[in-house]
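In UniProt numbering, the protein residues as written are 244 to 609. Scroll down for the structure; my scribbles are underneath it.
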Ligand code: F6R
């Protein structure tokens, strides 16, 4: 049942190239010039009347929402807020009939997310669900549904469902941009072509697993570490930190790299591991200066950068390089090494990787 892998999590990590292909599937037309989201029943007029978008989800799905916020804002120029579902309902969000609420849920049964969906509908918003389970509560109650075709996810720690959610956001963001006329035909083609390259690029990263395994063994001896990054790298830092905590039980924090010097830098001392995400090329200079700040305090830095930016190695103790893609698409690659890091750290500590303590796969209580 684990297809030759030791754990479901590792199997699911390796299923990501297929999950990307299946989620894109027939949603890209034959000549790669157009996004086809036949399942969306929202009319073009309804799309044009959207004034703001709220993305609401829990845990890892919320982290996909953080990427989704940037994707939609950059591509479609519609203001987006992302909230965790358990906070959303109680902060009196400003919802109108021109608000689109996007709920993201692998299981489609998460109680907080479902409650947020119901509240949004009660207040007259249109709801789009991004979910992995056809016929789930969230899928049934939403006005529109984009199914992520990741296939069943068994490990408690979400991997392929998360990355398929990213793909769903790219497709939806491009679709909105097409309808709203905020993307040039040439840019659309370029982005679609880059999307279609992702599965093979993920395969390339998976071939570097041994490197992540050795980093994991190094960090497994530590009590606490940090993930830092800017922009989309910060969203991935948050996901990497959650994944690590969840299955390795090592404490970690994700920090926007530029925020460190406003307090957290005080925690950096000799030998503290820092995982520095530096995959946003336009922010590289700034991130490098933050890496220097932690290095100067004795941190042991593992950098994650893009091929072609190997100067990163001069600033860090160890590095891993990702194949090049568009800046907007890097999250679909940069999270893969972090999933492997969490997996191998959990393994090194002898934990039950697929069933971490205190957690359930589907959280049906608020
Ligand atoms: C972490 C994880 C959880 C879920 C969260 C929401 O690896 O899996 O954080 O993402 O409980 O679950 P769904 O997506 O089913 O609503």
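Ideal Cβ positions, reconstructed from N, Cα and C, are used throughout, including at glycine. Keep in mind it's a predicted model, so treat the numbers as computed, not measured.
Check, Outcome
"Would the beta-carbon of residue 319 fall within 7 Å of that of residue 308?", "no"
"If I measure Cβ to Cβ from residue 370 and keep anything under 7 Å in the same chain, skipping five residues before and after, which residues do I get?", "344, 346, 360, 363, 364, 385, 386"
"Measuring from the CB of residue 348, is there a heavy atom of the ligand F6R at a distance below 6 Å?", "yes"
"Alpha carbon to alpha carbon, what distance is there between residue 403 and residue 246?", "16 Å"
"Pull up the DSSP beta-bridge partners for residue 430, would you.", "DSSP, once it has assigned bridges, lists no residue as partnering residue 430."
"Residue 368 to residue 341, Cα distance in whole Å?", "7 Å"
"Where does residue 447 fall in DSSP's three states?", "helix"
"Is there at least one non-hydrogen atom of the ligand F6R closer than 6 Å to the beta-carbon of residue 406?", "no"
"Cutting at 7 Å between CB atoms, please list the residues of its own chain near residue 293, excluding the five before and the five after it.", "321, 341, 343"
"In the DSSP assignment, the beta strand (DSSP E) including residue 546 goes from what residue to what residue?", "543-549"
"Are the beta-carbon atoms of residue 620 and residue 474 separated by less than 7 Å?", "The chain is shown from 244 up to 609; residue 620 falls before or after that span and cannot be answered."
"Using a threshold of 7 Å, state whether the C-beta atoms of residue 531 and residue 549 are closer than that.", "no"
"Quick one: what does DSSP say residue 516 is sitting in, helix, strand or coil?", "strand"
"Per DSSP, what kind of secondary structure is residue 534 in: helix, strand or coil?", "helix"
"Could you tell me which of 543, 283, 487, 269 sits nearest to residue 392, measuring between CA atoms?", "269"
"Could you tell me which residues DSSP puts in a beta bridge with residue 218?", "Nothing can be reported for residue 218: it is not among the residues displayed for the chain, which extend from 244 to 609."
"Would you call the region 417-434 and the region 327-336 in contact, with 3 or more CB pairs under 8 Å?", "no"
"Taking only heavy atoms of the ligand F6R into account, decide whether any of them is closer than 6 Å to the Cβ of residue 303.", "yes"
"Using 6 Å as the cut-off, classify the Cβ of residue 400 as near or not near the heavy atoms of the ligand F6R, replying yes or no.", "yes"
"Would you check if the distance between the CB atom of residue 484 and the CB atom of residue 497 is smaller than 7 Å?", "yes"
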